[in-house]
RNA sequence: GCGGGCGUAGCUCAGCCCGGUGAGAGCACCAGGUUGUGGCCCUGGGGGUCGUGGGUUCAAAUCCCAUCGCCCGCCCCA
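Numbering (the numbering used here), first residue to last: 161 to 576.
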């Protein structure tokens, strides 16, 4: 441990990687808006108890991955491990359901989980997500998934599949759960230690064990699809056929269960072969009982989240951005150069000058490196004539121009 | 939380197995080659507690132990 090092699993984003981050943020924002979704921002810190109620106290997220602390007033707080719970809390606290019967919301921000860092898995990470409150119908499931798919398309992420499953109603889910427990309990001693644990804590999760010794029993396990009632089946099929019709690369995966306790009916995960062990870069589903379990009215909802760091791993490269439009170079004429820089900034250009009193050669090199397309050279002899040199960095052509004409010349030079 | 791999200049890495020649290369950075001009080229230069701490040894970047960090798998999930 060194205090001169960022906390384990938490990373600085340096200027050169920011264009990629901004791209993700911009695409998420504009595509969300295109779908009629509105942004919501909630605190990074909530009462820890909020997450036991939403994510579920059987989940590792709550049991061993939350950053919790007591504040000076003695309240047990948590750095949010995900953002849906906070959004639902705000939805209820502000009685949004009384103002409108349908809400389309999106969020973006940091979340924290105390986990062993790996590629695409960090202790401080970012999520973008969307939630649609107020519709129990498959049309809303379809909409949020299409929103996710539209973002991926806009980001140039093509190589992925959408794993789709249903958990049915709470009733279906609990009957299926019983069947699974019966199935796995019979072979309990042959299961991996982790899965034996899960058998009592969260039996559904045995289905996504990667442990080799569990595989045969998972393959023989009953399928959720055999437990669905007619309505659940209808809901699921409507979602599936619509996504196919829309060209989403959807694959049915009856073994897909999600870690969070609150899901009902549709669950899905976006996976990519290019991510390694953390192959899911987004996931979500329907959570019809969640708002009510928080003490709100029985408002149905459906939503998803992307892991921003994982999107970044999949995104195509973003062209590097230039830092400035105009570089003002000079040999010794510091005050004159500063005045020129100020006038260019006032005219709206991104302009910088030398702060290190370096040679003209070094200043020109810096101009090139910063991506400036125009250099303005403030020289002594021209300055006496109240003029400067304007140089195009692209081909090296340059000319003298009066101070009055400078803004016009710069504008023309930049538009070439 | 468990298992494995790796940590040498800002970056990518060689040297480590077979301890001992002044700790290196490419890229990047700085300066000069152009009294006032970038990208290419040439010349020179700066920069390293060899992750950190301890041990073995006459001697450790090189061997041993611990620790921190990164990576991979389990786990978890975005």
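C-beta atoms are modelled at their ideal positions from N, C-alpha and C, and glycine is treated no differently.
Inter-residue Cα distance where the pair is residue i and residue j
i, j, result
"residue 416", "residue 524", "58 Å"
"residue 190", "residue 301", "20 Å"
"residue 317", "residue 516", "43 Å"
"residue 564", "residue 556", "23 Å"
"residue 489", "residue 176", "24 Å"
"residue 538", "residue 164", "42 Å"
"residue 360", "residue 530", "60 Å"
"residue 205", "residue 482", "37 Å"
"residue 388", "residue 442", "25 Å"
"residue 250", "residue 460", "15 Å"
"residue 503", "residue 551", "17 Å"
"residue 362", "residue 219", "8 Å"
"residue 169", "residue 281", "8 Å"
"residue 180", "residue 273", "23 Å"
"residue 535", "residue 492", "16 Å"
"residue 567", "residue 544", "19 Å"
"residue 309", "residue 200", "21 Å"
"residue 528", "residue 553", "7 Å"
"residue 519", "residue 540", "15 Å"
"residue 406", "residue 383", "27 Å"
"residue 330", "residue 336", "10 Å"
"residue 203", "residue 451", "18 Å"
"residue 198", "residue 252", "17 Å"
"residue 508", "residue 178", "22 Å"
"residue 225", "residue 356", "21 Å"
"residue 410", "residue 403", "7 Å"
"residue 213", "residue 454", "7 Å"
"residue 171", "residue 333", "39 Å"
"residue 377", "residue 321", "25 Å"
"residue 354", "residue 259", "46 Å"
"residue 286", "residue 426", "24 Å"
"residue 472", "residue 546", "50 Å"
Residue i in three-state terms, based on DSSP
i, result
"residue 546", "coil"
"residue 270", "strand"
"residue 387", "helix"
"residue 204", "coil"
"residue 573", "helix"
"residue 533", "coil"
"residue 228", "strand"
"residue 219", "coil"
"residue 471", "helix"
"residue 497", "helix"
"residue 478", "coil"
"residue 509", "coil"
"residue 164", "coil"
"residue 195", "coil"
"residue 488", "strand"
"residue 579", "Nothing about residue 579 can be read from this structure; the chain reaches only from 161 to 576."
"residue 564", "coil"
"residue 209", "helix"
"residue 459", "coil"
"residue 538", "strand"
"residue 239", "strand"
"residue 119", "The question about residue 119 has no answer here: the residues shown for the chain are numbered 161 through 576."
"residue 527", "helix"
Integer-rounded CB distance, given that residue j should sit under 8 Å from residue i
i, j, result
"residue 195", "residue 303", "7 Å"
"residue 367", "residue 381", "7 Å"
"residue 487", "residue 522", "About 12 Å separates the two Cβ atoms, so there is no contact after all."
"residue 470", "residue 319", "So it is not a contact: roughly 13 Å between Cβ atoms."
"residue 484", "residue 512", "5 Å"
"residue 325", "residue 413", "5 Å"
"residue 408", "residue 305", "7 Å"
"residue 456", "residue 257", "7 Å"
**Request:** Check whether the region 253-270 touches the region 179-194, taking contact to mean three or more Cβ pairs, one atom from each stretch, closer than 8 Å.
**Result:** Yes: at least three Cβ pairs fall under 8 Å.
**Asked** Is the region 328-346 in contact with the region 474-481, if contact means three or more CB pairs nearer than 8 Å?
**Response** No, because fewer than three Cβ pairs between the region 328-346 and the region 474-481 fall closer than 8 Å, the two stretches do not touch.
**Prompt:** Hey, which unbroken runs of the beta strand (DSSP E) at 3 residues or more fall wholly within the region 245-292?
**Reply:** Considered as a whole, the region 245-292 harbours 263-272 as its complete beta strand (DSSP E) runs of no fewer than 3 residues, in chain order.
**Asked** What are the uninterrupted segments assigned as alpha helix (DSSP H) that are 4 or more residues long and contained completely in the region 382-457, given in chain order?
**Response** The qualifying runs are 390-405 and 450-453.
**Asked** Should the region 235-253 be called in touch with the region 206-213, which here means at least 3 C-beta pairs below 8 Å?
**Response** Under the three-pair Cβ rule at 8 Å, the region 235-253 counts as touching the region 206-213.
**Request:** Output the residue ranges of the alpha helix (DSSP H) runs that lie fully inside the region 287-360 and measure 4 residues or longer, sorted by chain position.
**Result:** Counting whole runs of 4 or more residues, the region 287-360 contains the alpha helix (DSSP H) stretches 298-314 and 330-346.
**Prompt:** Quick check: the region 392-407 against the region 284-299, are there 3 or more CB pairs under 8 Å?
**Reply:** Yes: at least three Cβ pairs fall under 8 Å.
**Request:** Check whether the region 422-434 touches the region 445-454, counting contact only when three or more Cβ pairs, one atom from each stretch, lie closer than 8 Å.
**Result:** Because the criterion of three Cβ pairs below 8 Å is met, the region 422-434 and the region 445-454 touch.
**Cβ contact (3+ pairs, closer than 8 Å) linking the region 453-469 and the region 237-251** = Counting Cβ pairs under 8 Å, three or more are found: they touch.
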